[in-house]
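Notes to accompany the following structure.
Protein chains: 2
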Amino acid sequence: MPRTVEDFGEFGLIDRLARILPTSPALVEPIGDDCAVVRIGDRLLLASSDMFVEDVHFRRDRIPADAIGWKAAVAALSDIAAMGGAPVFCLVSIACPGDTRVSFLEEIYRGLSSAMSRFGAVVAGGDTTRSLDRLVIDVAIIGQVLSSRCLRRKGAKVGDLLAVTGFPGSAAAGLHALEHDADEHDPGRALAEIHQRPRPRVREGQWLSNRAAVHAMIDVTDGLAQDAGHIADSSGLGVDIDPESIPVNEGLAAYCADHGLDARHLALTGGEDYELCFAIDPDDQDQMAEAFRHEFHTEVSIVGRFTDAWLGFRIAGQPSDMRGYDHFRTTPDA
Amino acid sequence: MPRTVEDFGEFGLIDRLARILPTSPALVEPIGDDCAVVRIGDRLLLASSDMFVEDVHFRRDRIPADAIGWKAAVAALSDIAAMGGAPVFCLVSIACPGDTRVSFLEEIYRGLSSAMSRFGAVVAGGDTTRSLDRLVIDVAIIGQVLSSRCLRRKGAKVGDLLAVTGFPGSAAAGLHALEHDADEHDPGRALAEIHQRPRPRVREGQWLSNRAAVHAMIDVTDGLAQDAGHIADSSGLGVDIDPESIPVNEGLAAYCADHGLDARHLALTGGEDYELCFAIDPDDQDQMAEAFRHEFHTEVSIVGRFTDAWLGFRIAGQPSDMRGYDHFRTTPDA
Chain U
1 MPRTVEDFGE
11 FGLIDRLARI
21 LPTSPALVEP
31 IGDDCAVVRI
41 GDRLLLASSD
51 MFVEDVHFRR
61 DRIPADAIGW
71 KAAVAALSDI
81 AAMGGAPVFC
91 LVSIACPGDT
101 RVSFLEEIYR
111 GLSSAMSRFG
121 AVVAGGDTTR
131 SLDRLVIDVA
141 IIGQVLSSRC
151 LRRKGAKVGD
161 LLAVTGFPGS
171 AAAGLHALEH
181 DADEHDPGRA
191 LAEIHQRPRP
201 RVREGQWLSN
211 RAAVHAMIDV
221 TDGLAQDAGH
231 IADSSGLGVD
241 IDPESIPVNE
251 GLAAYCADHG
261 LDARHLALTG
271 GEDYELCFAI
281 DPDDQDQMAE
291 AFRHEFHTEV
301 SIVGRFTDAW
311 LGFRIAGQPS
321 DMRGYDHFRT
331 TPDA
Chain D
335 MPRTVEDFGE
345 FGLIDRLARI
355 LPTSPALVEP
365 IGDDCAVVRI
375 GDRLLLASSD
385 MFVEDVHFRR
395 DRIPADAIGW
405 KAAVAALSDI
415 AAMGGAPVFC
425 LVSIACPGDT
435 RVSFLEEIYR
445 GLSSAMSRFG
455 AVVAGGDTTR
465 SLDRLVIDVA
475 IIGQVLSSRC
485 LRRKGAKVGD
495 LLAVTGFPGS
505 AAAGLHALEH
515 DADEHDPGRA
525 LAEIHQRPRP
535 RVREGQWLSN
545 RAAVHAMIDV
555 TDGLAQDAGH
565 IADSSGLGVD
575 IDPESIPVNE
585 GLAAYCADHG
595 LDARHLALTG
605 GEDYELCFAI
615 DPDDQDQMAE
625 AFRHEFHTEV
635 SIVGRFTDAW
645 LGFRIAGQPS
655 DMRGYDHFRT
665 TPDA
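Listed in order, the protein sequences are those of chains U and D.
Under the working numbering, residues 1 to 334 are what the first sequence spells out, in order.
Under the working numbering, residues 335 to 668 are what the second sequence spells out, in order.
Printed below as a string of structure tokens:
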């Protein structure tokens, strides 16, 4: 019988903890989606938090301090984007050893604050306290639902297509570049920049939530396979991902060719892309894609299809044990 | 020139970080009060977060797991209480090593959730992730302002009296009891219970915020001297605390007598009382105190007076270097 959080894994743990918590009429969407949805008066608020631990989620010597802050902000902003919401404000808690340089914390705050400002939110407050050794940052973000609905993980229908924005796998390739080849290789440098300064799809998420044909959405943070699987699981369906349809741009292709990497495997299993992945009615796919590209000058691709023939994700029709990121089961990255 | 967070101290650090952050029309009250005050539509939200690190803020072997959760919840709830608000929901982020027992985390969540439920809030979501060694918990809480105003630290007027609820110093005596004498000594046991399961003054805070004669408020978390000093500083005034007026009940007096402790010194410098401390117009003091005792069956005492003769706090008219809790300068407690 599993007893430790490692035995349960991140999602098993969340499930156990969620059972303890009482429901409440104010809680429109309970634990388990990208954000909680909370009613205050006649408004729906979105709320999410993300914690980052030094030497687990980042290494101080591998990433500039402002990029630590930027990435922490983006993880939070992307959760709001994944529900189609508008970020409003965040709280930032930081614990660090007493001998931490104030200028280092200031750089983290600068990165955090500039990402928040750029995507419409403000750092409203937080906490600063002491840890014994490693830096810990928690960002709690509050957003608003703007359209008449917000997009949840559940809601995909049989026959819906699976779509994804941008070029997932780029952040994982960027991490590889940072660890191996970042200085001399051009595509590697651009990919490393995507890893260190990703962009949350905030406006894109709002736009998609206004489109009735889009039925469910998530942000790609743990790999396309696992995240599309979350939509399928929440919707009581299966999803078949066609790896050949996963878009790969020139830089990603060149870098992967040079380093013996499989770009599509990176897309399926790599983390921290912060692209959006959603279920869309096939009748709207062409119109949506054209309008989306016109509006955002960003790629959007159909990479799979939802089915009731099985539960969870398959790759090219085959069951797969491909695993994305699990905070309690995966080894630390940079 | 100070360079580390230890050199700056908690409040110096907050001041430095706050300078980096842009202002925003949505941000009614910026960093520095118990809560941030944020406008969303025509509503004012209160927001605050508190981070707790194992072996800095608590020791796993000295406190039951559910009390760790309870105390984390109370720290957050008390920040809402100190502004006169109503808690609505919170987000809980937890980082822990992979070999942490799930049952231990469940106990923490039970304590957290039961404190939130009891004082009108709900755990809406959060994050679970891995740390390398110690447990870290961050609780971000969102509340609403109910009355036409919320009580800030600033706003005390010359001649206002300083009032405090309950018996501050009890939590510090309870910590002493836990470390020395908790099992055999009756008053020690009751005080230890106050340390491990404090009560936030949520209803009391709302009641006080409805009273026009109450001009400023804070919760007592770092000792009465320092916290009253925060009201004075924010209001551009000084405050003279009369130590003889600090209320001491029978249990606290008996425990202190038995252990050679000074109850009033504990009240002035001990932390985690979660009582409310406020500035009140002297014309209302008698009426307020009578109505408060009648409503809450809880003591409220006048323990000082605000003045423009100096800045910051004095004890019995004398400058004092008495220090309360500073997260970067004080040694760990239990």
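Cβ coordinates follow ideal geometry from the N, Cα and C atoms, glycine included.
Name the chain U residues that come within less than 8 Å of residue 443 of chain D, Cβ to Cβ? Under the 8 Å cutoff, chain U gives 17, 20 and 21.
Return no unless some Cβ of chain D is closer than 8 Å to the Cβ of residue 334 of chain U. With a pLDDT of only 37 at residue 334 of chain U, under the threshold of 50, the placement of this residue in the model should not be trusted; the figure read from the coordinates follows. It does not: the Cβ of residue 334 of chain U has no partner Cβ on chain D nearer than 8 Å.
Tell me the residue span of the alpha helix (DSSP H) that contains residue 102 of chain U. It spans 102-118 - the alpha helix (DSSP H) in which residue 102 of chain U sits, taken as one unbroken run.
Residues that residue 461 of chain D contacts on chain U, provided the C-beta gap is smaller than 7 Å: Within chain U, the residues whose beta carbon sits less than 7 Å from that of residue 461 of chain D are 49, 50 and 51, listed in sequence order.
Minimum C-alpha distance to residue 197 of chain U - residue among U:84, U:321 and U:112: Closest option to residue 197 of chain U, Cα to Cα, is U:112.
Between residue 562 of chain D and residue 643 of chain D, what straight-line distance do the alpha-carbon atoms span, to the nearest angstrom? 16 Å
Are the beta-carbon atoms of residue 685 of chain D and residue 601 of chain D separated by less than 8 Å? Because chain D here runs from 335 to 668, residue 685 of chain D falls outside it and cannot be looked at.
C-beta atoms of residue 204 of chain U and residue 276 of chain U nearer than 8 Å: yes
Residue span of the alpha helix (DSSP H) that contains residue 339 of chain D, given as start and end: The continuous alpha helix (DSSP H) containing residue 339 of chain D extends over residues 339-354.
Can you give the Cα-Cα distance for residue 646 of chain D and residue 573 of chain D, rounded to whole angstroms? 6 Å
Distance between beta carbons of residue 476 of chain D and residue 422 of chain D, contact taken as under 8 Å: 5 Å
CB-CB under 6 Å to residue 460 of chain D, same chain, minus the five flanking residues each way: which ones, in chain order? 425, 426 and 427
Would residue 338 of chain D pass as an interface residue toward chain U - the criterion being a Cβ-Cβ separation below 8 Å? yes
Check whether the segment 387-404 of chain D and the segment 432-445 of chain D touch, using three or more Cβ-Cβ pairs below 8 Å as the test. The segment 387-404 of chain D and the segment 432-445 of chain D touch, with no fewer than 3 CB-CB distances between them shorter than 8 Å.
If I measure Cβ to Cβ from residue 292 of chain U and keep anything under 6 Å in the same chain, skipping five residues before and after, which residues do I get? 300
For a cutoff of 8 Å on Cβ pairs, would you count residue 449 of chain D as touching chain U? no
contact_flag[the segment 75-85 of chain U, the segment 155-166 of chain U] where n(CB pairs < 8 Å) is 3 or more: no
Could you tell me which uninterrupted alpha helix (DSSP H) segments, each at least 4 residues in length, are contained entirely in the segment 349-416 of chain D, listed from first to last along the chain? 399-415
Sheet register partners of residue 652 of chain D (DSSP bridge): D:649
In terms of residues, what are the limits of the alpha helix (DSSP H) holding residue 297 of chain D? Limits of chain D in this structure are 335 at one end and 668 at the other, which puts residue 297 of chain D out of reach.
Give me the chain D residues within the contact set of residue 100 of chain U, using Cβ-Cβ distance strictly less than 8 Å, ordered along the chain. 338 and 339
Whether residue 380 of chain D touches residue 369 of chain D by CB criterion (8 Å): For residue 380 of chain D and residue 369 of chain D, yes; Cβs fall inside 8 Å.
Sorted by chain position, which residues of the same chain lie with C-beta nearer than 7 Å to residue 119 of chain U's C-beta, five sequence neighbours on each side aside? 77, 87, 200 and 202
Which listed residue (U:152, U:226, U:96 and U:178) has its alpha carbon closest to that of residue 350 of chain U: With chain U running from 1 to 334 in the structure shown, residue 350 of chain U is simply not present.
Sort out for me which residues DSSP pairs residue 639 of chain D with in a bridge. D:495 and D:574
Leaving out five residues on either side along the sequence, give the residues of the same chain with a beta carbon under 6 Å from the beta carbon of residue 332 of chain U. Unreliable placement is indicated for residue 332 of chain U, whose pLDDT of 40 sits below 50; no coordinate value is reported for it.
Looking at the C-beta of residue 606 of chain D, does it have a partner C-beta in chain U at a distance below 8 Å? no
Scan the segment 246-308 of chain U and note each continuous alpha helix (DSSP H) run of 4 residues or more that stays entirely inside, going in chain order. 250-259, 263-269 and 285-296
Cβ closer than 8 Å: which chain U residues qualify as neighbours of residue 630 of chain D? Under the 8 Å cutoff, chain U gives no residues; its nearest Cβ is about 26 Å from residue 630 of chain D.
So, with DSSP's three-state summary, where would you put residue 155 of chain U? coil
Cutoff 8 Å: residue 479 of chain D Cβ touching any chain U Cβ: Judged by the 8 Å Cβ criterion, residue 479 of chain D is not in contact with chain U.
For residue 242 of chain U and residue 304 of chain U, believed in contact at Cβ under 8 Å, the rounded distance: 6 Å
What span of residues does the beta strand (DSSP E) with residue 124 of chain U cover, start to end? 122-130
For my contact list, residue 249 of chain U and residue 167 of chain U are in at a C-beta cut-off of 8 Å; report their separation, rounded to the angstrom. 5 Å
Distance, residue 487 of chain D Cα to residue 564 of chain D Cα: 7 Å
Of all the CB atoms in chain U, is at least one closer than 8 Å to the CB of residue 464 of chain D? yes
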